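Numbering (the UniProt record's numbering), first residue to last: 1 to 273. C-beta: ideal position from N, C-alpha, C; glycine also. Fair warning: this is a prediction, and the values are worked out from it, not measured in the lab. Shown next, in structure tokens, is the structure this report addresses.
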């Protein structure tokens, strides 16, 4: 019920901390994994780690905002493995200038930076779905298409966070896109098409570490507030996203569609009182 053996998966943002953990995790569950990311050497390293652990993987150097590169990556996957069953959209993040810092005003927010964070998170999810989702849906007998798409949302989508206005709005759009596609794809192509999302709580990554933790390992003021509002009393570990991902991609979640699953240590449940 929870195995992915025989499935072919593509993980965008597979070169990042969270995306890499998810790529390695679904490989351990039996999936063959295409590690997609802009950083060619990093993608190759993650794929090598998967293969050294007994899995099957290949690097897919590509930018999620470049349709031609995505289409080339899709053809590489189809030529080697013949199919695409799973797409995990883990590419994303914040963009400098798309936040309102101390002493700054929302009214002076850069339009270019705001558009940039939407491109990275929203368009960088839409384009991979169009490219790899087409491999799942098109060319199949009417009503018989199957495929699993998992988008990566955020706590910022459900409970907007101070400062990160662009990122919060973009991730809220991911939630809406997830639900819209969860209706559109199975109705048009087949009940086997499912679209869900994971909403991570606070995990230390490349982009947010300096905001949450000081060089000596102590919490910043912002990091302390987050931990105070997280009943688990700590940040998440990247591997703690893997179980939910495997479940969503497996036959065990065959009737789960249009859901946004929090993996947040209780952050979204806590009122602060």
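Tell me which residue opens and which closes the beta strand (DSSP E) that residue 220 is part of. Numbered from its first residue, the chain shown carries residue 220 at position 220. Segment: none, residue 220 is in no beta strand (DSSP E) and carries neither H nor E.
Buried or exposed, going by whether 16 or more other CB atoms sit within 10 Å of the CB of residue 162? Within the chain shown, the letter at position 162 stands for residue 162. Flag for residue 162 reads exposed.
Identified DSSP bridge partners for residue 234: Looking up residue 234 in the chain shown gives position 234. Residue 234 pairs with nothing; no bridge assigned.
Looking at the structure shown, is residue 192 part of a helix, part of a strand, or coil, going by DSSP? Within the chain shown, the letter at position 192 stands for residue 192. Strand.
Provide the residue(s) that pair with residue 148 in DSSP beta bridges, ordered along the chain. Locating residue 148 in the chain shown gives position 148, where the first residue counts as 1. The partner list for residue 148 (beta bridge, DSSP) reads 86, 194.
Alpha carbon to alpha carbon, how far is residue 157 from residue 176? Give it in angstroms, no decimals. Along the chain shown, read from residue 1 onward, the residue named residue 176 stands at position 176. Along the chain shown, read from residue 1 onward, the residue named residue 157 stands at position 157. Cα to Cα, residue 176 sits roughly 10 Å from residue 157.
Short check: CB of residue 360 to CB of residue 190, under 8 Å? Since the first and last residues shown for the chain are 1 and 273, residue 360 lies out of range.
Give the DSSP bridge partners of residue 203, in chain order. Locating residue 203 in the chain shown gives position 203, where the first residue counts as 1. DSSP lists 236 as partners of residue 203.
Cβ contact check for the stretch 163-170 and the stretch 94-110: 3 or more pairs under 8 Å: yes
Measuring alpha carbon to alpha carbon, tell me which residue in 3, 33, 193, 17 is nearest residue 181. In the chain shown, residue 181 corresponds to position 181, counting from 1. The option with the nearest alpha carbon to residue 181 is 193.
Please report the distance separating the alpha-carbon of residue 7 from that of residue 252. Numbered from 1 along the chain shown, position 7 holds the residue referred to as residue 7. Numbered from 1 along the chain shown, position 252 holds the residue referred to as residue 252. Distance between the alpha carbons of residue 7 and residue 252 is about 14 Å.
Considering only C-alpha positions, which residue in the set 119, 224, 222, 215 is nearest to residue 332? Missing from the structure shown is residue 332; the chain here goes from 1 to 273 and no further.
From residue 17 to residue 90, what does the alpha carbon distance come to, in whole angstroms? Position 17 of the chain shown, counted from the start, is the residue given in the question as residue 17. Position 90 of the chain shown, counted from the start, is the residue given in the question as residue 90. Rounded to the nearest angstrom, the two C-alpha atoms are 10 Å apart.
Cβ neighbour criterion (16 or more within 10 Å) applied to residue 231: If you number the chain shown from 1, residue 231 lands on position 231. Label assigned to residue 231: exposed.
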